[in-house]
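Undergrad:
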Amino acid sequence: MSFQPVFAQFWEKVKESIEDKTYAKLTLAKTIGDTELKNIYVRPVLLENDVFSLSVTAKYKTEEIESFHSLEEAFFVLAPYMNNPFMTALLFTTENDITFKLNKKRVGSIIEQAPTFKNASDVILEMKEKGL
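Going left to right, the sequence shown walks through residues 11 to 142 as this note's numbering numbers them.
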């Protein structure tokens, strides 16, 4: 069974958290073995003219590379990193923490836990104030 449909369900939760203004941050973590790429962090940003975008920061052993993507583009940018090299994607919201995990057989699952963050991302709060 492929894990992609479960990751797509997880991404729907990412989109809902942005729409509901509860999004705090998203992290891809737990690599398989020692890899050059260590983490990917996804944070919301407002570009010129209050255009919403996602900042995707890839942390390597020796450098960081940041790129900006729409919500739809970000899914296609991040999805290939699941299972190569990441086994976990963590979505932090003010309502709960949602974890997408791959087990050893590469079967995906989604786990919800109590929230780590009390406040949404500063950009999400700014969007709320501006009515965006």
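All residues carry an ideal CB built from backbone N, CA and C; glycine is no exception.
Where Gly141 and Asp44 are concerned, what is the direct C-alpha to C-alpha distance, given to the nearest angstrom?
TA: Residue 141 sits at position 131 when you count from the first residue of the sequence shown. Residue 44 sits at position 34 when you count from the first residue of the sequence shown. So the two alpha carbons sit approximately 44 Å from each other.
Undergrad: How would you label Phe110, buried or exposed, when you count the other beta carbons within 10 angstroms and need 16 or more for buried?
TA: The sequence position of residue 110 within the sequence shown is 100, counting from 1. The residue is buried, with at least 16 neighbouring Cβ atoms inside 10 Å.
Undergrad: Report, in whole angstroms, the separation of the C-beta atoms of Phe78 and Thr104, which I expect to be a contact under 8 Å.
TA: On the sequence shown, residue 78 is found 68 positions in, with the first residue counted as 1. On the sequence shown, residue 104 is found 94 positions in, with the first residue counted as 1. The pair is not a contact, with the Cβ atoms about 24 Å apart (cut-off 8 Å).
Undergrad: Would you call the region 75-94 and the region 54-66 in contact, with 3 or more CB pairs under 8 Å?
TA: Short answer: they touch.
Undergrad: Classify Tyr70 as buried or exposed, calling it buried when 16 or more other Cβ atoms lie within 10 Å of its own Cβ.
TA: Counting from one through the sequence shown, the residue named residue 70 turns up at place 60. Exposed, because fewer than 16 other Cβ atoms sit within 10 Å of the Cβ of Tyr70.
Undergrad: Under the three-state reduction of DSSP, which class applies to Met11: helix, strand or coil?
TA: Counting from 1 along the sequence shown, the entry for residue 11 is found at position 1. Low confidence applies to Met11: its pLDDT is 49, below 50, so where it sits in the model is not reliable, and the reading given next is rough at best. Three-state DSSP puts Met11 in coil, outside helix and strand.
Undergrad: Excluding five sequence neighbours on each side, which residues of the same chain lie with their C-beta closer than 6 Å to the C-beta of Tyr51?
TA: Taking the first residue of the sequence shown as 1, we reach residue 51 at position 41. Counting only Cβ-Cβ distances below 6 Å, and skipping sequence neighbours, we find Thr37, Thr67.
Undergrad: For Pro95, which residues from the same chain have a beta carbon less than 8 Å from its beta carbon, with the 5 sequence-adjacent residues on both sides left out?
TA: Residue 95 sits at position 85 when you count from the first residue of the sequence shown. The residues are Thr41, Ile42, Gly43, Thr45, Leu47.
Undergrad: Short of 7 Å in beta carbon distance, which residues of its chain neighbour Val87, apart from the five on each side in sequence? Order them along the chain.
TA: Within the sequence shown, the letter at position 77 stands for residue 87. Only Val66, His79 meet the Cβ criterion.
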